[in-house]
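Student: To convert, count from 1 in the sequence shown and add 100; that's the numbering used here. In this text, a Cβ means the ideal position worked out from N, Cα and C, and glycines have one as well. What follows is a single structure, and I will ask about it in a moment.
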Amino acid sequence: MGKKLLHTTNQYAKPYRPLPIALFNRAGRVAEKLGVLADIDVEQLITNARRKSGLNEFGDEWFREPLTVLVESINREANLTPTGKLIQKTRLEGALIARLRAEQLLQKHPEIHDIDLGKIIIIAGLQRTGTTTLHRLLAADPNMRALMSWEALNPIPLPKEPLGNPKRRIAKAKTAEKGLAYLAPEFFAIHPVEHDAPEEDVLLLDLCFMSQSPEATLHVPTYAAWLEQQDHTPAYTYLRTLLKILSWQRPAKNWVLKTPHHMEYLDVILQVFPEASIVQTHRDPQKTTGSFCSMVSHGRGVFSDEVDAREVARHWMRKVNRLMQRSINVREQCEQKRFIDVSYYDLVSDPISQVARIYEFAGIPFDQSAAEAAESTSKRNVQNRYGKHIYDLEDFGLTQDAIEHQYAFYRRRYGIPYEN
Numbered sequence: 101m102g103k104k105l106l107h108t109t110n111q112y113a114k115p116y117r118p119l120p121i122a123l124f125n126r127a128g129r130v131a132e133k134l135g136v137l138a139d140i141d142v143e144q145l146i147t148n149a150r151r152k153s154g155l156n157e158f159g160d161e162w163f164r165e166p167l168t169v170l171v172e173s174i175n176r177e178a179n180l181t182p183t184g185k186l187i188q189k190t191r192l193e194g195a196l197i198a199r200l201r202a203e204q205l206l207q208k209h210p211e212i213h214d215i216d217l218g219k220i221i222i223i224a225g226l227q228r229t230g231t232t233t234l235h236r237l238l239a240a241d242p243n244m245r246a247l248m249s250w251e252a253l254n255p256i257p258l259p260k261e262p263l264g265n266p267k268r269r270i271a272k273a274k275t276a277e278k279g280l281a282y283l284a285p286e287f288f289a290i291h292p293v294e295h296d297a298p299e300e301d302v303l304l305l306d307l308c309f310m311s312q313s314p315e316a317t318l319h320v321p322t323y324a325a326w327l328e329q330q331d332h333t334p335a336y337t338y339l340r341t342l343l344k345i346l347s348w349q350r351p352a353k354n355w356v357l358k359t360p361h362h363m364e365y366l367d368v369i370l371q372v373f374p375e376a377s378i379v380q381t382h383r384d385p386q387k388t389t390g391s392f393c394s395m396v397s398h399g400r401g402v403f404s405d406e407v408d409a410r411e412v413a414r415h416w417m418r419k420v421n422r423l424m425q426r427s428i429n430v431r432e433q434c435e436q437k438r439f440i441d442v443s444y445y446d447l448v449s450d451p452i453s454q455v456a457r458i459y460e461f462a463g464i465p466f467d468q469s470a471a472e473a474a475e476s477t478s479k480r481n482v483q484n485r486y487g488k489h490i491y492d493l494e495d496f497g498l499t500q501d502a503i504e505h506q507y508a509f510y511r512r513r514y515g516i517p518y519e520n
């Protein structure tokens with residue numbers, strides 16, 4: 101890390117593999133052919149989660165349908181390596197264990213349901229538009245609560261963990277960070293994943309098996325199409341419960357959330373989070389499209405040897421268009437006072453003034469401690485500190501004309517300038 105990424109033709113077609121991982125995958129493929137390494141099985145995941153946690157009650161088990169659709173799509177379409185299959189099994193099983201622990205905690209402490217989350221700022225901008233930078237600036241405020249990476253991996257206290265002493269979960273997150281750096285060292289130049297930094301709350305929606313995470317990291321078109329047709333109210337209601345559980349562990353006056361996933365379901369968010377203020381960040385699509393396709397392609401390469409960069413572009417060009425259209429539709433049908441727009445270019449040139457704008461909009465005092473925290477974070481999070489992200493539109497079968505044709509309505513709607 102810290103080195104410039106070298107660009108090669110068709111760089112996504114042959115994902116990087118450390119030698120031990122390559123050998124494990126080779127042995128695993130033999131096991132698959134012999135029928136020893138089985139597909140992921142929903143009932144086995146649930147059985148394992150109950151056995152490992154020592155718990156049995158999930159509460160409402162509506163999550164079974166999305167989990168089943170996701171698992172079937174992974175088994176049929178994702179073309180996982182043995183390493184990828186092992187990681188996905190572990191992740192799905194971990195999500196089920198977290199649900200079991202959450203149910204136990206809520207039964208033991210029903211007062212959690214009554215926790216006031218305070219005012220909530222939700223960053224619902226497109227990928228690669230400065231959302232991570234803005235999220236970290238807002239989360240720096242001691243009075244602002246954000247989901248941390250170590251919490252995203254384990255949002256519920258571990259067995260026998262003292263309240264307020266999550267060092268075991270932090271240690272697990274450090275290990276996971278090192279594991280990702282080992283499997284895909286180039287990924288940190290695209291999107292830094294740090295155990296002690298704010299993380300996207302789409303990872304909490306993963307506990308409902310209803311999020312964009314799978315289609316951003318795996319080839320699961322059947323699941324992605326199914327997801328678009330569902331009512332996401334139960335998932336967002338559970339997200340609200342998880343935020344209360346997190347606030348119970350580490351209280352703060354207000355919350356800041358962030359993920360592009362929210363753009364697709366702003367209508368649900370406005371119902372489930374009536375206290376929320378929505379921030380939308382904007383940047384020239386010519387600069388964001390190829391960058392995001394590259395990020396997805398690198399991410400898929402962690403789990404599969406078969407990464408079709410052009411298929412990634414086709415899928416996400418349509419998906420991003422849907423995010424744009426649905427968010428605009430919601431904004432045209434509801435009160436504009438719920439939304440504020442932030443230009444990526446204003447954020448880069450004067451980040452503190454943009455943070456102050458958002459605080460004023462949300463009705464939160466922007467005091468000296470908040471300003472100093474944002475200033476310190478702005479100086480620390482310098483661009484390209486993990487290396488420079490290099491990509492080529494040709495890898496994805498994209499042209500500037502095609503991007504402009506697809507997203508011109510979005511540029512007109514928000515008056516987005518062309519970036520040099």
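#1: How many Å lie between residue 313 and residue 216 at the Cα?
#2: So residue 397 and residue 319 are in contact, right, with Cβ under 8 Å, and what is the actual spacing, rounded?
#3: First and last residue of the alpha helix (DSSP H) that includes residue 386?
#4: Taking the alpha carbon of residue 332 as the point to measure from, which residue in 157, 462, 309 and 218 has its own alpha carbon closest?
#5: Please determine, among 311, 276 and 265, the residue with the shortest C-alpha to C-alpha distance to residue 325.
#6: In the DSSP assignment, the beta strand (DSSP E) including residue 439 goes from what residue to what residue?
#7: Distance, Cα to Cα, residue 298 vs residue 360?
#8: Once you ignore the five residues that flank residue 317 on each side, which residues in its own chain have a CB closer than 8 Å to its CB?
#9: How close, in whole Å, do the beta carbons of residue 376 and residue 220 come, if the pair is a contact with beta carbons under 8 Å?
#10: Can you give me the C-alpha to C-alpha distance between residue 264 and residue 340, rounded to a whole angstrom?
#11: Whole angstroms is fine: what's the gap from residue 115's alpha carbon to residue 435's?
#12: What is the rounded straight-line gap between the Cα of residue 163 and the Cα of residue 155?
#13: In the DSSP output, which residue or residues are listed as bridge partners for residue 379?
#14: Here's the rule: buried if 16 or more other CB atoms are within 10 angstroms of the residue's CB, otherwise exposed. What is residue 258?
#15: Quick test of your reading: residue 503 and residue 389, contact by CB under 8 Å. State the CB separation rounded to the nearest angstrom.
#16: Mapping DSSP to helix, strand and coil, what is residue 421?
#17: Using a Cβ-Cβ cut-off of 8 Å (strictly less than) and excluding sequence neighbours within five positions of residue 180, which residues of its own chain qualify?
#18: Go through its chain and collect everything with a Cβ distance to residue 446's Cβ below 6 Å, but skip five positions before and after it.
#19: What number of angstroms, rounded off, separates the C-alpha of residue 234 from the C-alpha of residue 412?
#20: Measuring alpha carbon to alpha carbon, tell me which residue in 363, 241, 286 and 425 is nearest residue 355.
#21: So, under 8 Å CB-CB, residue 489 and residue 289 are touching, yes? Tell me the CB distance rounded to an integer number of Å.
#22: Ignore the nearest five residues each way along the sequence and tell me which others in residue 372's own chain have a CB closer than 8 Å to its CB.
Tutor: Taking the geometry as given:
#1: 28 Å
#2: Not confirmed; about 11 Å, so no contact.
#3: 385-403
#4: Out of 157, 462, 309 and 218, the CA that lies nearest to the CA of residue 332 is found in 309.
#5: Among 311, 276 and 265, the Cα nearest to that of residue 325 belongs to 311.
#6: First-last of the beta strand (DSSP E) with residue 439: 439-443.
#7: 15 Å
#8: 396, 399, 400, 402 and 403
#9: 4 Å
#10: 21 Å
#11: 46 Å
#12: 17 Å
#13: 223 and 440
#14: Answer is exposed; the Cβ neighbour count stays below 16.
#15: 5 Å
#16: helix
#17: 174, 188, 318, 403 and 404
#18: 454
#19: When the Cα atoms are used, residue 234 and residue 412 turn out to be separated by approximately 26 Å.
#20: The residue with the shortest Cα to Cα distance from residue 355 is 241.
#21: The pair is a contact, with the Cβ atoms about 5 Å apart (cut-off 8 Å).
#22: 333, 336, 337, 339 and 340
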